[in-house]
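Enquirer:
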Amino acid sequence: MKKILSLFLCCLMVLTLTGCGGSSGDDITTYTYSSELDIKNLDSSDADDGCSLKAIHAVIDGLTKTDKKGNIVNAVAKSEELSEDGLTHTYKLRKDFKWTNGDPVTAHDFVYAWQRIFRKKRSYYYMFVDGIASIEGAQELSDKIDAGEELTDDDLNSMGVKAIDDYTLEVKTTVRVSFFDELMVFPCFFPINEKFAEKQENKYGKSAKTILGNGAFTMTNWEAGSVVEFEKNESYYDQKHVKLNKLVMKLVQEPKVAAQVFEAGETVYAPINSDLVDKYKDDEAFKQVYDGFLFYISVNFQNSDLANLNVRKAISLAINRKDLCENVLKDGSQAASGFVPSGLSISPEGKDFRDEADTYTSYDKKAAQAALDEGLKELGKSEITLRLTYGTDESPMDVFATYLQNALSKLDGIKVEMVATTKQDRIYNKQKNGDYDLATTRWGPDYGDPTTYLTMGISTNGNNYGKWSNSEYDQLVCQVGVESNVTKRWQKMKDAEKILLDGYAYILVFEKGAATL
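Numbered continuously in the working numbering, the sequence shown closes out at residue 1996.
As structure tokens, then:
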């Protein structure tokens, strides 16, 4: 198993670095960088965008964290003992870990945070269930939530996370989870100070004053849509290795503005878009990195036209992914060949999942037209009109969407209406409420296992906005969650991806690269 060394992870390294390079060398004490997006919030039970997660990592540590090479190391956990059957994780916590108000970080903070996700019915409860963290009792809690039932304190206490004492946390799983320590790096598994959070009520994590941290930095200022500032946490247990005194994120900066600010020496890191690549590609500051995000098309299966397999097949075949990546994006992106991206995880035999699994994408305009003709015949129509929804504030979604519109418009029988909006509206309004036909979207891995993508196809998964449903697929992914034989589990994941993509549940397009200064 290996972790994607993505742009996201690279940014996280900045937050716990043991040294930092910038325009003035390794002696800088302030690191200022541009972000295209805003922070949603700092509530680790709810925040699900890269910008918010970076900010959370700056101010809060969990049981484990990543070092500068991306390896998993202890953080709040001083040590871990795993039972012989691999089902019980016993963490001994450091006693010198403090919240910035002086309270000790205890095992109770983890129990409260994990139960809070279920109590508030936050979307991250899927991370705890069978097939991912597989925490004892979590699947039963999830099933009750999905059935519309209210959870009692007894229900919550039945989950396999217990504070044995203030500094001993016991977690029980239903199966051995090989990537469990890696999961603990993800913010939804972070601790929350109960007394502080309850006092803030619904305001928790919504401002610099309503977040309490235990990490390398404290948030001192947050102006939504403008800037967020952090200062070194002098009470951090490992503060002697934090070389920065200050961290500054410039929020919601268009790539052109980010480049100008970078050139003016106001920042030391800036993401740029494809329009600027030719201008900067020979500059010594220009770097292309693997972003780690899969960009794809979410299909709304409640649309009867899109429920037709041949229509979805035609859409996929009409996309020249290589041309999009090499001649339009020009940021190091590569054509996607499967729903599980390359570089995510390695088989028991040491091979990348993508190298062992099939290829599910190709470009063939003639075949696309033939599939569309067949689909229209089956629908009894001569033409269909589809709405393509995208966020204008999430580069390169606008470029991606425009390319798709042009590609599909070359087919006889499809008209495309562009629906421009914001990322937040796209996800939490239009997609969540089924008010779309096609949507350009992306997914970044929460952990280094194929299930971080495959579970999105489960009919009950909250991120399955298009409502694709296949009982065979659901059963197979469920089997993956309880399969103890690693070889059989690996094969079942490949079989699951085949069902998902033979049915064009999602139309995958490219694995994102990033052009940066």
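For glycine and all other residues, C-beta sits at the position ideal for the given N, C-alpha and C.
Figure out for me which residue from I1535, D1916, S1513 has the closest Cα to the Cα of S1523.
Expert: The residue you call residue 1523 lines up with position 44 of the sequence shown. It is I1535 whose Cα lies nearest to the Cα of S1523.
Enquirer: What three-state label does DSSP hand W1593 in the structure shown?
Expert: Within the sequence shown, residue 1593 is the residue found at index 114, counting from 1. Here W1593 sits in helix by DSSP.
Enquirer: State the start and end residues of the unbroken alpha helix (DSSP H) segment that holds L1851.
Expert: Numbered from 1 along the sequence shown, position 372 holds the residue referred to as residue 1851. Counting along the chain, the alpha helix (DSSP H) containing L1851 begins and ends at 1844–1858.
Enquirer: Assign L1561 to one of two classes, buried (16 or more other C-beta atoms within 10 Å of its C-beta) or exposed (fewer than that).
Expert: If you number the sequence shown from 1, residue 1561 lands on position 82. The residue in question, L1561, is exposed, as its Cβ has fewer than 16 Cβ neighbours within 10 Å.
Enquirer: With E1828 as the anchor, note down where its alpha helix (DSSP H) starts and where it stops.
Expert: For this step, residue 1828 is matched to residue 349 along the sequence shown. From DSSP, E1828 is part of no alpha helix (DSSP H); its letter is neither H nor E.
Enquirer: Taking the Cβ atom as the reference point for each residue, do A1537 and F1709 lie within a distance shorter than 7 Å?
Expert: Position 58 of the sequence shown, counted from the start, is the residue given in the question as residue 1537. Position 230 of the sequence shown, counted from the start, is the residue given in the question as residue 1709. Contact: yes.
Enquirer: Leaving out five residues on either side along the sequence, give the residues of the same chain with a beta carbon under 6 Å from the beta carbon of A1846.
Expert: Within the sequence shown, residue 1846 is the residue found at index 367, counting from 1. Closer than 6 Å at the Cβ level, and outside the excluded window around A1846, lie L1796.
Enquirer: Counting only runs of 4+ residues fully inside the stretch 1938–1987, write out the alpha helix (DSSP H) ranges in chain order.
Expert: 1950–1961, 1965–1981, all fully within the stretch 1938–1987.
Enquirer: Going by the beta-carbon positions, is the gap between F1765 and D1925 smaller than 7 Å?
Expert: Looking up residue 1765 in the sequence shown gives position 286. Looking up residue 1925 in the sequence shown gives position 446. The answer is no: Cβ separation not under 7 Å.
Enquirer: Can you tell me the Cα-Cα spacing of E1661 and I1611, whole angstroms?
Expert: If you number the sequence shown from 1, residue 1661 lands on position 182. If you number the sequence shown from 1, residue 1611 lands on position 132. Rounded to the nearest angstrom, the two C-alpha atoms are 11 Å apart.
Enquirer: For S1827, count neighbouring Cβ atoms within 10 angstroms of its own Cβ and tell me buried if that reaches 16, exposed if not.
Expert: Translated into positions along the sequence shown, residue 1827 becomes position 348. Just to set this straight, residue 1827 is Pro in the shown sequence, not Ser. Counting Cβ neighbours within 10 Å, P1827 comes out exposed, since fewer than 16 surround it.
Enquirer: With burial defined as no fewer than 16 other Cβ atoms inside 10 Å of the residue's Cβ, what is the status of V1961: buried or exposed?
Expert: As a working mapping, residue 1961 is identified with position 482 in the sequence shown. Classification for V1961: exposed.
Enquirer: Name, in chain order, the residues that DSSP records as bridge partners for G1992.
Expert: By 1-based counting over the sequence shown, the position of residue 1992 is 513. Paired residues: Y1769.
Enquirer: So, using beta-carbon positions, are I1539 and F1669 closer together than 7 Å?
Expert: Walking along the sequence shown from the start, residue 1539 turns up at place 60. Walking along the sequence shown from the start, residue 1669 turns up at place 190. Their beta carbons are under 7 Å apart, which means I1539 touches F1669 by this criterion.
Enquirer: N1799 and Y1869: beta carbons closer than 7 Å?
Expert: Here residue 1799 is taken as the residue at index 320 of the sequence shown, counted from 1. Here residue 1869 is taken as the residue at index 390 of the sequence shown, counted from 1. It is not a contact, given that the beta carbons lie outside the stated cut-off.
Enquirer: With 16 as the cutoff for other CB atoms within 10 Å, does Q1781 come out buried or exposed?
Expert: Taking the first residue of the sequence shown as position 1, residue 1781 is located at position 302. With fewer than 16 Cβ atoms within 10 Å of its Cβ, Q1781 is classed as exposed.
Enquirer: In whole angstroms, what is the alpha-carbon distance linking G1433 and V1731?
Expert: This structure gives no information on residue 1433, because the portion of the chain shown stretches from 1480 to 1996.
Enquirer: What's the call for S1963, buried or exposed, on a 16-neighbour Cβ count within 10 Å?
Expert: For this step, residue 1963 is matched to residue 484 along the sequence shown. S1963 should be labelled exposed.
Enquirer: Can you look up M1897 in the DSSP assignment and give me helix, strand or coil?
Expert: Locating residue 1897 in the sequence shown gives position 418, where the first residue counts as 1. Three-state DSSP puts M1897 in a strand.
Enquirer: Please report the straight-line C-alpha distance between E1745 and S1513, rounded to a whole angstrom.
Expert: Numbered from 1 along the sequence shown, position 266 holds the residue referred to as residue 1745. Numbered from 1 along the sequence shown, position 34 holds the residue referred to as residue 1513. Taking the straight line joining both Cα atoms gives about 10 Å.
Enquirer: Of the residues Y1591, G1541, A1984, Y1759, which one's Cα is nearest the Cα of S1938?
Expert: Here residue 1938 refers to the residue found at position 459 when the sequence shown is read from its first residue. Minimum Cα distance to S1938 is reached at A1984.
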